[in-house]
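Chemist: Under the numbering used here, the residues of the sequence shown are numbered -6 to 390, in order. To start, I am sharing the structure in question, which I have written as structure tokens.
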Amino acid sequence: MKVFKLFYSLIKAYKTMIITNIILVVAIAVPISIVYTNSLTATFEPVIMNIGIVNHDQGDPVTDHMISYLDNQSNVSSVEDDPEVIADTLYYNDADYILEIPAGFGQSLLNSNVLALEKNVSPGTKTATYVDTMIENYISNFQILNTGTTDINDPDAVQATLDKIEASMASNIEVTTATATNLDADLLGFGASYTHYAAYALMMTLIAIFGLPMVSMRNPEIVKRDTMGHISPTQRNSELFLACTVFGIGFWLLLMVIAAIIYGLDTLTSSHGILLVMSSFVSMLGIEQMAFFLATVAPNKGIISFMSTGVSLFFAFTSGLFVPRDFVSPVMQQIAQIASPIWQVKTDEIILSAEQLSQNQLDTIYQYMGTQVLIALAFVALTYMYRAYQSDNLKTA
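Listed below in structure tokens is the structure:
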């Protein structure tokens, strides 16, 4: 195991880089976790609109139906048709919006010759636009459905139209206060932030830590010493592969231990947490073999340093590790699919999409994990073919 030991003796020179990358992950992940916590603990307080109605069309079923619709969406009160009363109502904030309905308005809707409505609004109010939209929506729906009214003078036909309007505009939306669920802030912080920055740290670290010692080990004197020590190229490559694999898994385990300290072991061992850990692990396998392949083909330390930064940033941005995947162009996402990070992001999106995952969702999750394993095997095959090509060239030379 001389090559194995030599590799680990060489990476001691880069321990500062390793520690720095770990600190980078923690420094970014912890503040983002705080953001998730604040987002989930914040409460939403719905604003109730107060609408005053000056109704000159009392008793008309269509007008009464529109007022009832507005009352379901806000607080509606009757206001006297007096300019002073209207001004006082707005001044004392008893109403934010006063709607004046002219006589014959309901009948004008039935006749498809809608009379104009008048409004008075408090200065600076933000509800006017929303109330305008509500009224316009009602009138638009009425005009569309009124075309099917058989006789506008038949109360039963008019009532049937009103029933259709009520059904078409029924609101099933219920606003509730945000509460903690199984997908709490720690789980979201771990799955949507920490593991993604950990994937970036893995790419950046493994490319450098694999590549820099491997370039040093190509020194002719070291190769000559290995040859004299009866270490065959196959044994040399096998020990180097083993050393890199052990380091990659060890570095990933260290990141998971840090995650358990930050987010709690319960988070990582929950049903969703276990899936996120599995997703991170199979992604690490793909990253590890990609890093090993790049380190194998890189001719010098300068290229290794460039790839450690450039390749890592490229896949981080195109895979959605740093930004939501929706912000990444489809073309760049297609390119990013040659590496495992984007498949990790896709997997994590499904895991965090619901408290109870369906069988179809689980099947897709395992399919994406399998894809990452295949990517890892593909990079292993590429490395093997490159080394075989190098060996053939040496023999012919």
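All C-beta atoms, glycine included, are put in the ideal place defined by N, C-alpha and C.
(1) Determine whether the beta carbon atoms of leucine 394 and glycine 204 lie at a separation below 8 Å.
(2) Along the beta strand (DSSP E) that carries glycine 141, what are the first and last residues, could you check?
(3) Counting Cβ pairs, one atom from each stretch, are 3 or more of them under 8 Å apart for the stretch 307 to 327 and the stretch 235 to 249?
(4) On the CB-based measure, 16 or more other CB atoms within 10 Å of its CB, does methionine 277 come out buried or exposed?
(5) How is serine 101 classed by DSSP in three states: helix, strand or coil?
(6) Considering just the uninterrupted stretch of the beta strand (DSSP E) at leucine 92, what are its terminal residues?
(7) Looking at the secondary structure, which residues open and close the alpha helix (DSSP H) in which glycine 243 lies?
(8) Looking at the unbroken beta strand (DSSP E) that takes in glycine 303, where does it start and where does it end?
(9) Please confirm if the stretch 70 to 88 is in contact with the stretch 41 to 61, defined as three or more CB-CB distances below 8 Å between the two stretches.
(10) In this structure, does DSSP put threonine 170 in helix, strand or coil?
(11) Going by C-alpha to C-alpha distance, which of Leu367, Val55, Leu17 and Ser263 sits closest to aspartate 156?
(12) Looking only at its chain, what residues have a beta carbon closer than 7 Å to the beta carbon of valine 290, apart from the 5 residues adjacent to it on each side?
(13) Report buried or exposed for threonine 174, applying the criterion of at least 16 other Cβ atoms within 10 angstroms of its Cβ.
(14) Would a C-beta distance cut-off of 8 Å place threonine 302 and glutamine 326 closer than the cut-off?
(15) Cutting at 7 Å between CB atoms, please list the residues of its own chain near phenylalanine 308, excluding the five before and the five after it.
(16) What separation, rounded to the nearest whole angstrom, lies between the Cα atoms of leucine 248 and alanine 185?
(17) Run through DSSP, which three-state label would valine 216 get?
(18) Have a look at alanine 201 and tryptophan 336 and give me their C-alpha separation to the nearest angstrom.
(19) Are at least three pairs of beta-carbons, each pair with one atom in the stretch 129 to 149 and one in the stretch 90 to 106, less than 8 Å apart?
(20) Using the three-state DSSP reduction, which class does asparagine 134 fall into: helix, strand or coil?
(21) So, at 6 Å on beta carbons, what are the nonlocal neighbours of glutamate 93 in its own chain, with the 5 sequence-adjacent residues on each side left out?
(22) Between arginine 229 and valine -4, which are expected to be in contact by the criterion C-beta below 8 Å, what is the C-beta distance as a whole number of angstroms?
(23) Determine, using beta carbons only, whether glycine 279 and glutamine 365 come nearer to each other than 8 Å.
(24) Which residues mark the beginning and the end of the beta strand (DSSP E) in which serine 71 is found?
(25) Do you know whose CA, among Val324, Leu350, Asn353 and Ile358, lies nearest valine 338's CA?
(26) DSSP three-state call for glycine 45: helix, strand or coil?
(27) Tell me the residue span of the alpha helix (DSSP H) that contains glutamate 77.
(28) Report the rounded CA-to-CA distance for valine 15 versus alanine 194, giving the unit in angstroms.
(29) Could you work out which residue in Ile254, Met283 and Tyr131 is closest to leucine 367 when comparing CA atoms only?
(30) Could you name the residues of the same chain whose beta carbon sits closer than 7 Å to that of asparagine 165, not counting the 5 residues immediately before and after it, in chain order?
(31) When DSSP labels each residue in this structure, what does glutamate 348 get in the three-state scheme?
Modeler: Walking through what the data contain:
(1) A question about residue 394 goes unanswered here, because the residues of the chain that appear run from -6 up to 390.
(2) From DSSP, glycine 141 is part of no beta strand (DSSP E); its letter is neither H nor E.
(3) The stretch 307 to 327 is not in contact with the stretch 235 to 249.
(4) Burial call: buried.
(5) Note: serine 101 maps to helix in three-state DSSP.
(6) Its beta strand (DSSP E) spans residues 90 to 94.
(7) Start and end: 226 to 256.
(8) Annotation: glycine 303 is outside any beta strand (DSSP E); the continuous alpha helix (DSSP H) that includes it extends over 294 to 312.
(9) Contact check between the stretch 70 to 88 and the stretch 41 to 61: three or more CB pairs, one atom from each, fall below 8 Å, which counts as touching.
(10) Low per-residue confidence applies at threonine 170: pLDDT is 42, beneath 50, and the placement is therefore not dependable enough to give any value.
(11) It is Val55 whose Cα lies nearest to the Cα of aspartate 156.
(12) Spatial neighbours of valine 290 in its own chain (CB-CB distance under 7 Å, excluding positions within 5 residues in sequence) are listed in chain order as Tyr379.
(13) At threonine 174, the pLDDT of 44 sits below 50, so the modelled position is not reliable; the number obtained from the coordinates is stated separately. Burial call: exposed.
(14) In this structure, glutamine 326 does not lie closer than 8 Å to threonine 302 by Cβ.
(15) The beta carbon of phenylalanine 308 is closer than 7 Å to those of Met196, Ala329, Ala332 and Pro334 in its chain, skipping five residues each way along the sequence.
(16) Roughly 15 Å between the two C-alpha positions.
(17) Valine 216: helix per DSSP, three-state reduction.
(18) Spanning the two alpha carbons is a distance of roughly 23 Å.
(19) Yes: at least three Cβ pairs fall under 8 Å.
(20) Reduced to three states, the DSSP call for asparagine 134 is helix.
(21) Around glutamate 93: Val47 and Glu111.
(22) Confirmed, Cβ separation roughly 5 Å.
(23) Yes.
(24) Serine 71 -> beta strand (DSSP E) spans 68 to 71.
(25) Valine 338 has its Cα closest to that of Ile358, out of Val324, Leu350, Asn353 and Ile358.
(26) Correct three-state label for glycine 45: strand.
(27) 76 to 84 is the span of the alpha helix (DSSP H), which, as asked, contains glutamate 77.
(28) Looking at the sequence shown, residue 15 is not valine but isoleucine. Between isoleucine 15 and alanine 194, the C-alpha separation is close to 7 Å.
(29) The shortest CA-to-CA distance from leucine 367 to any of Ile254, Met283 and Tyr131 is the one to Met283.
(30) Any reading at asparagine 165 must be qualified, since the residue scores a pLDDT of 46, below 50, and its modelled position is unreliable; the value itself is stated next. The answer is none, since no qualifying residue turns up.
(31) Coil, per DSSP.
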